[in-house]
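Participant: Numbering (full-length UniProt numbering), first residue to last: 1 to 92.
For every residue, glycine included, the Cβ atom is placed at its ideal position computed from N, Cα and C.
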């Protein structure tokens, strides 16, 4: 009988290339905010690689940032800071 997985163990193997989708309303400076927060947690991130997609009506925008994640703690800290920013509606 196999024991259940330990929740403290991540199924991800680090380092790993990891995409993060950040969504919010279309506002001036939103891309800059996403870039700055991402660079703070992943200094080797290249902002020119951000992928942008607008909603059908153009009111919302999403950015996909892809980082070279070094640890679960790094990802958790990045998700946390992005999620707390007032311009950000959702982080996936």
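Can you tell which of 67, 17, 52 and 57 has its C-alpha closest to the C-alpha of residue 45?
Facilitator: The residue labelled residue 45 in the question sits at position 45 within the chain shown. Out of 67, 17, 52 and 57, 67 has the C-alpha closest to the C-alpha of residue 45.
Participant: At what residue ranges does the segment 18-67 contain a whole run of the alpha helix (DSSP H), taking only runs of 4 or more?
Facilitator: You should have 30-41.
Participant: Which residues bound the alpha helix (DSSP H) around residue 78?
Facilitator: Position 78 of the chain shown, counted from the first residue, corresponds to residue 78. Counting along the chain, the alpha helix (DSSP H) containing residue 78 begins and ends at 72-84.
Participant: Have a look at residue 42 and residue 87 and give me their C-alpha separation to the nearest angstrom.
Facilitator: What you label residue 42 is simply residue 42 of the chain shown in a count that begins at 1. What you label residue 87 is simply residue 87 of the chain shown in a count that begins at 1. Between residue 42 and residue 87, the C-alpha separation is close to 20 angstroms.
Participant: Grouping DSSP H, G and I as helix and E and B as strand, with all else coil, what is residue 90?
Facilitator: The residue given as residue 90 occupies position 90 in the chain shown. Strand, per DSSP.
Participant: Let me check understanding here. Comparing Cα to Cα, which of 53, 18 and 11 lies closest to residue 31?
Facilitator: For this step, residue 31 is matched to residue 31 along the chain shown. If we check each option's Cα against that of residue 31, 53 comes out closest.
Participant: If the criterion is Cβ atoms closer than 9 angstroms, does the pair residue 73 and residue 40 meet it?
Facilitator: In the chain shown, counting from the first residue as 1, residue 73 sits at position 73. In the chain shown, counting from the first residue as 1, residue 40 sits at position 40. Not a contact, by the Cβ cut-off of 9 angstroms.
Participant: What separation, rounded to the nearest whole angstrom, lies between the Cα atoms of residue 58 and residue 75?
Facilitator: Reading the chain shown from its first residue, position 58 is the one you call residue 58. Reading the chain shown from its first residue, position 75 is the one you call residue 75. Answer to the nearest angstrom: the Cα atoms are 29 angstroms apart.
Participant: So, using beta-carbon positions, are residue 77 and residue 16 closer together than 9 angstroms?
Facilitator: What you label residue 77 is simply residue 77 of the chain shown in a count that begins at 1. What you label residue 16 is simply residue 16 of the chain shown in a count that begins at 1. Taking 9 angstroms as the Cβ cut-off, residue 77 and residue 16 do not qualify as a contacting pair.
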